[in-house]
Structures are given as C-alpha cells and as structure tokens.
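Asker: Let me give you the structure first, and then I'll get to my questions.
2 protein chains.
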Amino acid sequence: MAQVRLYVDDALGAGQPVTLSRDAAHYLFGVMRLSVGAEVTLFNGQDGEWRARVAEAHKRGGVLEAVEQTRAQSLPPDLWLLFAPVKKARTDFIVEKAVEMGVRRIVPVATEFTNSERVRRDRLQAHAKEAAEQCGGLFVPEVAELSKLRDILADWPDGRRLMFCDEAEAETGEGSSSARAGRFAAASERGPWAVLIGPEGGFSDRERVHLHGLPFAYVAGLGPRILRADTAAVAALTLWQMQLGDWT
Amino acid sequence: MAQVRLYVDDALGAGQPVTLSRDAAHYLFGVMRLSVGAEVTLFNGQDGEWRARVAEAHKRGGVLEAVEQTRAQSLPPDLWLLFAPVKKARTDFIVEKAVEMGVRRIVPVATEFTNSERVRRDRLQAHAKEAAEQCGGLFVPEVAELSKLRDILADWPDGRRLMFCDEAEAETGEGSSSARAGRFAAASERGPWAVLIGPEGGFSDRERVHLHGLPFAYVAGLGPRILRADTAAVAALTLWQMQLGDWT
Numbered sequence: 002m003a004q005v006r007l008y009v010d011d012a013l014g015a016g017q018p019v020t021l022s023r024d025a026a027h028y029l030f031g032v033m034r035l036s037v038g039a040e041v042t043l044f045n046g047q048d049g050e051w052r053a054r055v056a057e058a059h060k061r062g063g064v065l066e067a068v069e070q071t072r073a074q075s076l077p078p079d080l081w082l083l084f085a086p087v088k089k090a091r092t093d094f095i096v097e098k099a100v101e102m103g104v105r106r107i108v109p110v111a112t113e114f115t116n117s118e119r120v121r122r123d124r125l126q127a128h129a130k131e132a133a134e135q136c137g138g139l140f141v142p143e144v145a146e147l148s149k150l151r152d153i154l155a156d157w158p159d160g161r162r163l164m165f166c167d168e169a170e171a172e173t174g175e176g177s178s179s180a181r182a183g184r185f186a187a188a189s190e191r192g193p194w195a196v197l198i199g200p201e202g203g204f205s206d207r208e209r210v211h212l213h214g215l216p217f218a219y220v221a222g223l224g225p226r227i228l229r230a231d232t233a234a235v236a237a238l239t240l241w242q243m244q245l246g247d248w249t
Numbered sequence: 002m003a004q005v006r007l008y009v010d011d012a013l014g015a016g017q018p019v020t021l022s023r024d025a026a027h028y029l030f031g032v033m034r035l036s037v038g039a040e041v042t043l044f045n046g047q048d049g050e051w052r053a054r055v056a057e058a059h060k061r062g063g064v065l066e067a068v069e070q071t072r073a074q075s076l077p078p079d080l081w082l083l084f085a086p087v088k089k090a091r092t093d094f095i096v097e098k099a100v101e102m103g104v105r106r107i108v109p110v111a112t113e114f115t116n117s118e119r120v121r122r123d124r125l126q127a128h129a130k131e132a133a134e135q136c137g138g139l140f141v142p143e144v145a146e147l148s149k150l151r152d153i154l155a156d157w158p159d160g161r162r163l164m165f166c167d168e169a170e171a172e173t174g175e176g177s178s179s180a181r182a183g184r185f186a187a188a189s190e191r192g193p194w195a196v197l198i199g200p201e202g203g204f205s206d207r208e209r210v211h212l213h214g215l216p217f218a219y220v221a222g223l224g225p226r227i228l229r230a231d232t233a234a235v236a237a238l239t240l241w242q243m244q245l246g247d248w249t
C-alpha cells in the first residue's frame, strides 16, 4: 500500500513535532487506521519531503514527529495558470491538472463568456492540496480569488509574460496593425510567465483584440480541433513546460 | 443554444434520408424536444459535416434529411493511442481526451501493473462517439478490444513507430547497450505512429527493458512530476501533435 502523504503548515526538521488538526487526525487514525509508530510522508512546500512517525494518536488530534528528509525541496517554475471557471467537476480537474503539470499559482478569471459567476476558493485550494498529496508533489500552488480578466490585465505585473491560447489563432495576429503580441512558438524568454486558457465559448472579439495588442502577450494555437477547457489547460501547460519550463 | 450534433452510420449526401435508431429518436425528440423542420448537424467520419433537417419525428424513430455539406471531411493523423486502463472515470476521460486531441484508433492494453482486467469496449466506443459529437469532431476513433501489451508489441505492424513515456526516462536509455529505442525529441519521421501511456504504477522493469530494446520505439519524458494517466495522455499527445502531427 502506498504511504500516506500529508501536506502540513508546520515547519519540518529532524525531531520536530507536528500537531495534527482534527481533520488530519480523523483521516490518519479513523480512515487510514494508523497507530503510534506508523510512518507517513510530510511536506510543507518549503522544507522538502520528510519521513515522519506517529507519536500520539487520539480521536480528535495527535502528534507526528519528523524523522528524516527524504527529498530536497523543489519548486515548479514561476508560472501562473489563469483559467475561466467552467462546471464544477471540470474546474476541479483543471486545478488538479495544474498541480500535476507544475504551476506556482492558480488564478480563476471571469471573461465575457464565462458562465460560472462564483468560485469557492477554499474548496479549490483544498483540492490543490489533495492533488499535491496524491501526485507526489512537494508544492501546493496558491489558488487566488476570482478576478475579472480585464482587471488582471490592466494591473499586470512588470516582467511577467503571458501565453494565451486562441482558437482563432490562425486568422488573427500576423498582419494586423494592432497586434503587438508575439508568437509563443518563437518565445525564448525565461523568467515569470502565465498561461491563460479561455472559456469553452472562447474569448470575445473585444478580448481577443485586447490580448493581441498587449506587448507582454504571446499567442499559441492548440491544433485544429476544439478542446475542452481542462484538455486545453494540460495541452497549453505541456507546450510551456517543454519550451521554457522544467521538462527540458 | 448550440446545435445538436449527431454521428450517424449512414452515407451523407444532398437529399439523402437518414433513418434514426430508437435511441437517437428518443434523444432528438424526447430529450432535445426537436420537431419536424428543426435543424441538426450530422457527420459519419467519411462525408464531412452536414446540415440536416428533421423530416419525420416519432416517439421511437424518425427520418432526417441531409441538406448541405458545411465542412469537408478531415481525418486526424494516423496515430494510435495505447493506454493501460485505470479506474472507470479516468478511463472515460482518456477516451474523451484522445478524441479531442485527434487520434485514429484507441487501444486499451494490459501491462504487468495494470489493475483493470476488463474493459467494456462498447461503452468506451459510445463514449468516443459522444466526445466527437460534443467537441465538434468529424471523426470517431475505433476503440479496440483490450490486448496484452506484449502481444501487441510482438505483432507490431511494419512501418508504425511507437512513442512511449517512461517516468524513469532520465536513468535509462542512453548508454545502455541493449537500448535501441531513439529519443522522441529528435524524431522527425512522419507516417503511422502510436503513443503508449503506462499504468499509474509505471511499467515493470522487464517491460521497460523490452521497450527500450525495440528498434521502432522512441522514448519521451513528461517532466519531473508524476502525472495521472489521463494527464499523461493529453501531455504525450500534445508532444506528438506539436512535433509530428497536425498542430504545426
């Protein structure tokens, strides 16, 4: 049986005690039936991965003791995923995939054609934590509050580049006098980036023109077929990771 | 509301009547509430996409009439996806993603670490059809029966190349005297290909050695994090489509 992996908020170091929340204690001792002396794997996004042992096990709490570091901390590239929330299950999938593919921050954005008005940030953050626990990750990306795409673009951080995926990529961009966006296939700049996935209905014409006019933006195409948002997220992150990220 | 898209088995041509199955009639007239004169979109994987009109609507049947072709037929590249079935929902996802990403044939394979012994081929085929209907595709890949990986490799078709994704890619391959497999990143051969995704536990050592020894095989890595099988399928198909397929 695979060992239990837990994300914790505490600092991790040899002999360091980790006090369990009620939920974590219920999971370890109620669901997984671990008892004193059992081993688990811990990570906190800062101190690497640690082998730990159950020191105290109660119904509503407990203490783990970190024993030794098993992997050094590593971080995904400084990449944000911006995506337009879709139906609940697909949104969960996008968060899960973003964690597996390796991003630092997950930013739900409302576009003109976004259907979903509300996003439960806490639920998505919990989902990101679980995904990291299950995929052997050492880092849990922060899930931001839902923002309007136009507000994010108006207040875009200096030095961060943006790859956006445009279904109509073939028809626009090149030759348009207002287009300042580059083509992602030719981009070689390292450093902070973001990948933007549009909603299932695509961007509005106004959004498309705006994106193509941004000097920090790079357009990428995702082939001749229409992809669902969760498929597009994995495909776009694959392109980015292969070209500029830690897959090379 | 988006127009109803239906895959049909019949030939499509101007004025051609298409007799509906009981299931299709129930969907169109019971679920979608269409009546005589309503328009739908049809495709059959051979004759392109057609605008059609409801000519007769009954509870248990009906007739559509093809009016005009709206898109010419296009086929995905001659690419097979070989994958080790996982839990039901994830297997459904892999089939759906394969259709969106563009493959000709979907082949479930049993590896040494495959958990799932049975695959309902008819259910997966129906799932592929629905995915094509929903993603605007013009082609439904055939879903093959479950085969053993070693049998497929032993009877491999002449001229078809194989990209396989190896989590341990960094440690093997180069420098091993038995390795005949190339590196996918350097592959430029067009023509028939297949992409193989391993089970969630990875390939066995024996399978890995076998794969690395195949003269028609090319190894690819999918980054430093562990990907679920459905994520790996999209990522691997993205790599292939960008390098050798119809995304370029």
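Here the protein sequences line up with chains A and B, keeping their order. Quick note: the first sequence uses this note's numbering, first residue 2, plus one each step. Quick note: the second sequence uses this note's numbering, first residue 2, plus one each step. Think of the CB as a built atom: it goes at the ideal place given N, C-alpha and C, for glycine as much as any other residue. Please read all numbers here as calculations on a predicted model, not as lab measurements.
If I follow the unbroken beta strand (DSSP E) through residue 196 of chain B, where does it start and stop?
Answerer: Position 195 of the second sequence, counting from 1, holds the residue named residue 196 of chain B. Per DSSP, residue 196 of chain B belongs to the beta strand (DSSP E) from 194-198.
Asker: Which of the three DSSP states, helix, strand or coil, is assigned to residue 190 of chain A?
Answerer: On the first sequence, residue 190 of chain A is found 189 positions in, with the first residue counted as 1. Looking at residue 190 of chain A - three-state DSSP - the assignment turns out to be coil, as it is neither helix nor strand.
Asker: Nearest to residue 197 of chain B by CA position, among B:224, B:190 and B:154, is which residue?
Answerer: Position 196 of the second sequence, counted from the start, is the residue given in the question as residue 197 of chain B. The option with the nearest alpha carbon to residue 197 of chain B is B:154.
Asker: So, under 8 Å CB-CB, residue 204 of chain A and residue 167 of chain A are touching, yes? Tell me the CB distance rounded to an integer number of Å.
Answerer: In the first sequence, the residue the question calls residue 204 of chain A occupies position 203. In the first sequence, the residue the question calls residue 167 of chain A occupies position 166. At roughly 7 Å, the Cβ-Cβ gap stays under 8 Å, so residue 204 of chain A and residue 167 of chain A are in contact.
Asker: Could you tell me which of A:99, A:140, A:90 and A:104 sits nearest to residue 121 of chain A, measuring between CA atoms?
Answerer: On the first sequence, position 120 is the one that residue 121 of chain A refers to. Of the listed residues, the one whose Cα sits closest to residue 121 of chain A is A:90.
Asker: Taking a Cβ distance cut-off of 8 Å, strictly less, list which residues of the segment 222-235 of chain B are near chain A, in chain order.
Answerer: Listed by position along the chain: 222, 223, 224, 225, 226, 227, 228, 229, 232 and 235.
Asker: Please classify residue 99 of chain B: is it buried, with 16 or more other beta-carbons within 10 angstroms of its beta-carbon, or exposed?
Answerer: In the second sequence, counting from the first residue as 1, residue 99 of chain B sits at position 98. Looking at its Cβ environment, which holds 16 or more other Cβ atoms inside 10 Å, residue 99 of chain B is buried.
Asker: Measure from the alpha carbon of residue 251 of chain A to the alpha carbon of each residue in A:139, A:207 and A:162, then state which is nearest.
Answerer: No information on residue 251 of chain A is available, as it lies outside the stretch 2 to 249 that chain A covers here.
Asker: Whole angstroms are fine: how far does the CA of residue 101 of chain B sit from the CA of residue 92 of chain B?
Answerer: Residue 92 of chain B sits at position 91 when you count from the first residue of the second sequence. Residue 101 of chain B sits at position 100 when you count from the first residue of the second sequence. Approximately 14 Å, taken between the alpha carbons.
Asker: Would residue 192 of chain A and residue 78 of chain A be called neighbours here (beta carbons separated by less than 7 Å)?
Answerer: Here residue 192 of chain A refers to the residue found at position 191 of the first sequence. Here residue 78 of chain A refers to the residue found at position 77 of the first sequence. Cβ atoms of residue 192 of chain A and residue 78 of chain A: not closer than 7 Å.
Asker: Which partner residues does residue 219 of chain B have in the DSSP bridge list?
Answerer: The residue labelled residue 219 of chain B in the question sits at position 218 within the second sequence. Partner(s): B:164 and B:183.
Asker: Please return the same chain residues whose Cβ sits closer than 6 Å to the Cβ of residue 149 of chain B, not counting the five positions on each side in sequence.
Answerer: On the second sequence, residue 149 of chain B is found 148 positions in, with the first residue counted as 1. Same-chain partners within the cutoff: 111.
Asker: When you compare each of B:201, B:207, B:88 and B:84 to residue 146 of chain B by their alpha carbons, which one comes out closest?
Answerer: As a first step, residue 146 of chain B must be located in the second sequence, where it is residue number 145. Closest option to residue 146 of chain B, Cα to Cα, is B:84.
Asker: How close, in whole Å, do the beta carbons of residue 17 of chain A and residue 40 of chain A come, if the pair is a contact with beta carbons under 8 Å?
Answerer: The count along the first sequence starts at 1 and reaches residue 17 of chain A at position 16. The count along the first sequence starts at 1 and reaches residue 40 of chain A at position 39. Not quite, the Cβ-Cβ distance comes to about 15 Å (not below 8 Å), so this is no contact.
Asker: Determine whether the beta carbon atoms of residue 240 of chain A and residue 233 of chain A lie at a separation below 7 Å.
Answerer: Here residue 240 of chain A refers to the residue found at position 239 when the first sequence is read from its first residue. Here residue 233 of chain A refers to the residue found at position 232 when the first sequence is read from its first residue. Their beta carbons are not under 7 Å apart, which means residue 240 of chain A does not touch residue 233 of chain A by this criterion.
Asker: For residue 8 of chain A, decide whether its Cβ has a neighbour in chain B, counting only Cβ atoms nearer than 7 Å.
Answerer: As a first step, residue 8 of chain A is located in the first sequence; it is residue number 7 there, counting from the start. Not an interface residue.
Asker: Name, please, each residue of chain A whose Cβ falls closer than 9 Å to the Cβ of residue 166 of chain B.
Answerer: Position 165 of the second sequence, counting from 1, holds the residue named residue 166 of chain B. Result: empty, since nearest Cβ-Cβ is about 12 Å, beyond 9 Å.
Asker: Does any residue of chain B have a CB that is nearer than 7 Å to the CB of residue 248 of chain A?
Answerer: For the purposes of this step, residue 248 of chain A is identified with residue 247 of the first sequence, where counting begins at 1. Output row for residue 248 of chain A: interface = yes.
Asker: Counting only beta-carbon atoms, is residue 60 of chain B nearer than 7 Å to chain A?
Answerer: As a first step, residue 60 of chain B is located in the second sequence; it is residue number 59 there, counting from the start. No, residue 60 of chain B lies away from the interface with chain A (no Cβ there is under 7 Å from its Cβ).
Asker: Assuming residue 105 of chain A contacts residue 80 of chain A (C-beta within less than 8 Å), just tell me the rounded distance between them.
Answerer: Along the first sequence, read from residue 1 onward, the residue named residue 105 of chain A stands at position 104. Along the first sequence, read from residue 1 onward, the residue named residue 80 of chain A stands at position 79. That belief holds up - the Cβ atoms of residue 105 of chain A and residue 80 of chain A are roughly 6 Å apart, short of 8 Å.
Asker: What are the complete beta strand (DSSP E) segments, minimum 3 residues, inside the segment 72-156 of chain A?
Answerer: Runs of the beta strand (DSSP E) inside the segment 72-156 of chain A: 80-84 and 106-111.
Asker: What residue range is occupied by the uninterrupted alpha helix (DSSP H) comprising residue 245 of chain B?
Answerer: One-based indexing of the second sequence puts residue 245 of chain B at position 244. Residues 230-245.
Asker: What span of residues does the beta strand (DSSP E) with residue 53 of chain B cover, start to end?
Answerer: Taking the first residue of the second sequence as position 1, residue 53 of chain B is located at position 52. Its beta strand (DSSP E) spans residues 50-58.
Asker: Determine, for residue 239 of chain A, whether the minimum Cβ-Cβ distance to residues of chain B falls below 7 Å.
Answerer: Within the first sequence, residue 239 of chain A is the residue found at index 238, counting from 1. For residue 239 of chain A, the answer is yes, since a Cβ of chain B falls inside 7 Å of its Cβ.
Asker: Given a cut-off of 7 Å on the beta-carbon distance, is the pair residue 58 of chain B and residue 37 of chain B in contact?
Answerer: Counted from its first residue, the second sequence places residue 58 of chain B at position 57. Counted from its first residue, the second sequence places residue 37 of chain B at position 36. Yes, the pair counts as a contact, with Cβ atoms nearer than the cut-off.
Asker: Our contact map puts residue 137 of chain A next to residue 227 of chain B with C-beta atoms below 8 Å; I'd like the distance itself, whole angstroms only.
Answerer: Residue 137 of chain A sits at position 136 when you count from the first residue of the first sequence. Residue 227 of chain B sits at position 226 when you count from the first residue of the second sequence. Yes, they are in contact, since the Cβ atoms of residue 137 of chain A and residue 227 of chain B sit about 5 Å apart, within 8 Å.
Asker: Does any residue of chain B bring its CB to less than 7 Å from the CB of residue 242 of chain A?
Answerer: Here residue 242 of chain A refers to the residue found at position 241 of the first sequence. Output row for residue 242 of chain A: interface = yes.
Asker: Between residue 217 of chain B and the rest of its own chain, which residues show a CB-CB distance below 8 Å, the 5 nearest in sequence each way excluded?
Answerer: Within the second sequence, the letter at position 216 stands for residue 217 of chain B. Only 157, 161, 162 and 163 meet the Cβ criterion.
Asker: Contact criterion: CB-CB distance below 7 Å. Does residue 103 of chain A meet it with respect to chain B?
Answerer: What you label residue 103 of chain A is simply residue 102 of the first sequence in a count that begins at 1. Yes, its Cβ sits closer than 7 Å to a Cβ of chain B.
Asker: May I ask which residues mark the beginning and end of the alpha helix (DSSP H) holding residue 212 of chain B?
Answerer: If you number the second sequence from 1, residue 212 of chain B lands on position 211. Per DSSP, residue 212 of chain B belongs to the alpha helix (DSSP H) from 206-213.
Asker: Can you tell me the Cα-Cα spacing of residue 220 of chain A and residue 184 of chain B, whole angstroms?
Answerer: Working through the first sequence from its first residue, we reach residue 220 of chain A at position 219. Working through the second sequence from its first residue, we reach residue 184 of chain B at position 183. C-alpha separation (whole angstroms): 28 Å.
Asker: Taking the CB atoms as reference points, tell me whether residue 55 of chain B and residue 35 of chain B lie closer together than 7 Å.
Answerer: In the second sequence, counting from the first residue as 1, residue 55 of chain B sits at position 54. In the second sequence, counting from the first residue as 1, residue 35 of chain B sits at position 34. In contact: residue 55 of chain B and residue 35 of chain B (Cβ atoms closer than 7 Å).
Asker: Under 7 Å, Cβ to Cβ, is there at least one residue of chain B near residue 89 of chain A?
Answerer: Counting from one through the first sequence, the residue named residue 89 of chain A turns up at place 88. Residue 89 of chain A does not count as touching chain B.
Asker: Using 7 Å as the threshold, is the C-beta distance between residue 95 of chain A and residue 142 of chain A below it?
Answerer: Reading the first sequence from its first residue, position 94 is the one you call residue 95 of chain A. Reading the first sequence from its first residue, position 141 is the one you call residue 142 of chain A. Going by C-beta atoms, residue 95 of chain A is not nearer than 7 Å to residue 142 of chain A.
Asker: Within the 7 Å Cβ cut-off, does residue 4 of chain B reach chain A?
Answerer: Here residue 4 of chain B refers to the residue found at position 3 when the second sequence is read from its first residue. Residue 4 of chain B does not count as touching chain A.
Asker: From this set, B:31, B:33, B:70 and B:30, which residue's C-alpha is nearest residue 48 of chain B's C-alpha?
Answerer: In the second sequence, residue 48 of chain B corresponds to position 47, counting from 1. Selected option, being the one with the closest Cα: B:70.
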